[in-house]
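Residue 473 is where the sequence shown ends in our numbering, and the numbering goes up by one at each step. All C-beta atoms in this analysis are idealised placements derived from N, C-alpha and C, irrespective of residue type, glycine included. A quick note: this is a predicted structure, and the numbers were derived from the prediction, not measured.
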Amino acid sequence: MSYVQDLAKLVENRKDATLRISDAVWGYAESRFQEFKSAKEESDYMIEMGFKVTMGIGGEDTAFVAEYGSGKPVIALLGEYDALSGLSQKADIPCHDPIEAGKDGHGCGHNLLGAASMAAAVALKDYMVEKNLPGTIRYYGCPAEENAGGKAFLVREGCFNDCDIALTWHPGWTNGVTGSGSLANFRVFYTFHGLSSHAAGAPHLGRSALDAVEIMNVGVNYMREHMIDEARIHYAVINTGGTAPNVVQSEAQVLYAIRAPKVTQVKELFERVNKCAQGAALITETTVDIEQVSAYSDYIACDVCSEVLGKHMEELLPIGYTEEEMEYAKKFQAVITDLDRAGLKNRAKAIGGKKANELLETPIWDFMTYSKGGSKGSTDVGDVSWVVPTGQFSAVTLAAGTPGHAWQVVAQGKGPIAHKGVLFAAKVLAASAYDFITSPELCQKAKENWLEILDGETYPGALPPDAVPHIW
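Structure representation (structure tokens):
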């Protein structure tokens with residue numbers, strides 16, 4: 002029996018605990034920097050499994066590192082467990098049916114993400130004990146990936162400085178290694194301050210902060226024609242200044258996400274968006290406070306790490322599904338929108354070519370996909386990848402075509418496809434981490450490859466010096 006099979010068996014031996022924790026975190030559904038129950042669930046288990054746990058790393062109350070072993074190499078497995086706001090949804094129900102309207106839900110599968118990385122660390126630790134292997138394995142419990150970029154704060158505080166390799170994954174509806182190219186991203190609050198007055202009796206005495214928000218948004222929307230094609234800018238009005246239309250709003254706030262392929266490009270857009278805000282304040286005779294609360298760097302894939310992950314993915318696929326599991330997936334594929342269905346069709350054409358129709362008849366894509374490009378989304382794994390050679394992959398946990406950040410993801414988060422995906426991802430991570438922890442030469446090869454890719458560039462570190470992890 003090979004070490005890959007040995008480690009897979011160790012993952013299976015503890016699958017009940019892994020799936021119990023994944024389901025528990027799904028139920029907690031805690032958003033950024035509020036994942037106290039989720040972090041405790043996982044850290045308590047890691048202590049039980051013989052790891053040394055340090056809580057509150059990097060100034061984040063809900064971040065922790067669980068470590069076993071000593072010396073080099075140091076292999077980091079990254080986990081997440083934060084939920085998304087407003088996505089509460091009952092499990093296994095193929096229609097929108099919140100558990101509690103307006104509450105949070107795991108619409109990006111982070112309950113699965115953390116559980117699999119943790120399971121891989123435990124399996125490798127058990128194998129290290131059995132084989133008396135040197136080296137250090139770490140599981141990083143990372144909060145606030147969504148909206149706050151929690152790992153960027155951990156990187157800034159040096160939490161990964163002595164790591165040799167970092168490995169992670171993400172739930173989805175395809176199996177594939179993640180290439181370079183996620184979008185760098187700043188999150189920025191613009192808070193306008195004006196003067197309140199009676200909107201009918203004395204409107205001339207008021208200065209509307211809400212007008213300023215609206216004028217800023219108009220300015221940014223006109224700016225879109227004059228940005229690079231790859232850039233993305235989105236906003237949400239957080240505070241409208243009240244609900245009374247007969248009062249001139251003295252305060253209003255809008256939150257912006259500003260994205261582009263490189264941090265330098267985001268910085269340039271950030272300065273231009275700031276000018277729109279300042280211009281809106283000038284037009285309305287209000288003032289504006291600008292607070293950048295997070296920064297994500299673009300993801301740099303280490304080719305050596307990607308090759309190792311890809312090798313073990315191919316070795317461990319297909320996962321295999323029962324007829325009942327296929328029917329389960331069909332129920333959820335039937336409720337995606339027409340736009341999502343069009344996206345699924347385009348993806349099937351890109352992957353399958355002339356066999357696209359065969360893929361469209363398959364509700365679960367139980368095979369390896371290959372793509373050189375990265376994601377149009379943003380991830381704080383990008384920040385880690387600038388300071389440690391990093392590899393990442395996606396694994397099937399959803400019916401093909403399921404939209405991200407939607408109730409359909411939450412509904413499938415405790416289902417059979419999700420559970421099989423967690424165990425598959427754990428096996429891939431465990432086998433890949435084993436390759437690195439038993440071969441300093443492979444670690445060195447990865448580092449040389451990573452440095453070559455960076456080509457002299459260094460971590461952009463775009464967080465403002467005064468930015469701290471906090472709930473907002």
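Check for me: the beta strand (DSSP E) holding residue i runs from which residue to which?
i	result
residue 186	185-194
residue 240	233-240
residue 256	252-261
Assuming residue i and residue j are in contact, meaning their beta carbons sit under 8 Å apart, how far apart are those beta carbons, in whole angstroms?
i	j	result
residue 406	residue 108	5 Å
residue 229	residue 266	7 Å
residue 422	residue 113	7 Å
residue 305	residue 161	Rounded, the Cβ-Cβ distance is 18 Å, inconsistent with contact.
residue 291	residue 189	7 Å
residue 119	residue 47	7 Å
residue 428	residue 12	5 Å
residue 232	residue 260	6 Å
residue 337	residue 403	7 Å
residue 31	residue 38	6 Å
residue 174	residue 415	Rounded, the Cβ-Cβ distance is 16 Å, inconsistent with contact.
residue 462	residue 33	That belief does not hold up - the Cβ atoms of residue 462 and residue 33 are roughly 20 Å apart, past 8 Å.
residue 288	residue 212	That belief does not hold up - the Cβ atoms of residue 288 and residue 212 are roughly 13 Å apart, past 8 Å.
residue 297	residue 87	Going by Cβ atoms, the distance from residue 297 to residue 87 rounds to 21 Å, so no, they are not a contact pair.
residue 443	residue 436	6 Å
residue 441	residue 73	7 Å
residue 282	residue 252	The pair is not a contact, with the Cβ atoms about 13 Å apart (cut-off 8 Å).
residue 82	residue 43	7 Å
residue 364	residue 396	About 16 Å separates the two Cβ atoms, so there is no contact after all.
Please state whether DSSP places residue i in a helix, a strand or coil.
i	result
residue 382	helix
residue 134	coil
residue 457	coil
residue 451	helix
residue 145	coil
residue 228	coil
residue 299	coil
residue 106	strand
residue 75	strand
residue 294	strand
residue 320	coil
residue 100	coil
residue 199	strand
residue 249	coil
residue 114	helix
residue 88	coil
residue 464	coil
residue 212	helix
residue 62	coil
residue 127	helix
residue 407	coil
residue 120	helix
In the DSSP assignment, what are the bridge partners of residue i?
i	result
residue 53	68
residue 206	Answer is none; residue 206 lacks a bridge partner.
residue 80	142
residue 395	171 and 177
residue 288	194
residue 217	BP columns for residue 217 are empty, so no partner.
residue 48	DSSP lists no partner for residue 48.
residue 166	76
residue 369	176
Quick one: give me the first and last residue of the alpha helix (DSSP H) that residue i is part of.
i	result
residue 285	264-285
residue 4	4-14
residue 305	304-317
residue 347	339-353
residue 329	324-334
residue 359	357-361
residue 377	No alpha helix (DSSP H) contains residue 377, which DSSP labels as neither H nor E.
residue 155	151-157
Would residue i count as contacting chain B if we go by Cβ distances under 7 Å?
i	result
residue 284	No chain B appears in this structure, which consists of one protein chain only.
>> As an exercise, report each continuous alpha helix (DSSP H) stretch of at least 4 residues that is fully enclosed by the region 409-444, in chain order.
In response: As far as the region 409-444 is concerned, its whole alpha helix (DSSP H) runs of at least 4 residues are 417-438.
> Could you give the uninterrupted runs of the alpha helix (DSSP H) lying entirely in the region 17-45, keeping only those of 4 residues or more?
Replying inline: none
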